[in-house]
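J.: Each residue of the sequence shown is one higher than the last, beginning at 618 in the working numbering.
The beta carbon of each residue, even a glycine, is placed where N, CA and C say it ideally should be.
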Amino acid sequence: MFNGCNTCMASLQPEDGHDLCPSCLGLEHLREGLSEDPCMNCTIMPRAVRAARLAKVELLTEGAFPLHSQLQPNLPVIGVGQQRLRVPAQEAC
Numbered sequence: 618m619f620n621g622c623n624t625c626m627a628s629l630q631p632e633d634g635h636d637l638c639p640s641c642l643g644l645e646h647l648r649e650g651l652s653e654d655p656c657m658n659c660t661i662m663p664r665a666v667r668a669a670r671l672a673k674v675e676l677l678t679e680g681a682f683p684l685h686s687q688l689q690p691n692l693p694v695i696g697v698g699q700q701r702l703r704v705p706a707q708e709a710c
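Next up, the structure:
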């Protein structure tokens with residue numbers, strides 16, 4: 618049985634009782650997961666896992682990846698997952 622996010626269909630860890638992935642749950646919920654009163658599904662997960670999920674979503678939402686406008690315009694584009702990056706071409710030896 619596929620265990621996926623109800624919003625974006627991202628796969629969920631089998632032990633995650635949430636119906637949404639960390640990104641769709643949002644920063645507020647992930648931060649509450651580290652509080653003294655987390656939701657029932659958060660309490661099942663180890664604190665280290667909850668902290669790692671929060672850190673990952675914070676990086677994604679706070680611009681850890683360069684904006685398209687910040688990339689060098691004359692470099693070829695390659696696909697990396699769902700993100701496309703411009704990388705310098707390798708010089709021939």
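Starting from N620 and walking both ways along the alpha helix (DSSP H), at which residues does that stretch end?
T.: Unbroken run through N620: none, as it is neither H nor E.
J.: What separation, rounded to the nearest whole angstrom, lies between the Cα atoms of L589 and N620?
T.: Residue 589 is absent from the model: the chain starts at 618 and stops at 710.
J.: Which residue or residues does DSSP assign as beta-bridge partners of S628?
T.: DSSP output for S628 lists G621 as bridge partner(s).
J.: Assign S640 to one of three DSSP states: helix, strand, or coil.
T.: Helix at S640.
J.: Would you check whether the ligand FMN has a heavy atom nearer than 7 Å to the C-beta of S628?
T.: In the structure shown, the ligand FMN is absent, as is every other ligand, since no ligand is present at all.
J.: Based on Cα-Cα distance, which residue from T624, H635 and N623 lies nearest to M657?
T.: The shortest C-alpha separation from M657 is found at H635.
J.: Could you pull out every residue in the same chain whose Cβ sits closer than 8 Å to the Cβ of I661, ignoring the five residues on either side in sequence?
T.: The answer, listed in chain order, is E632 and G634.
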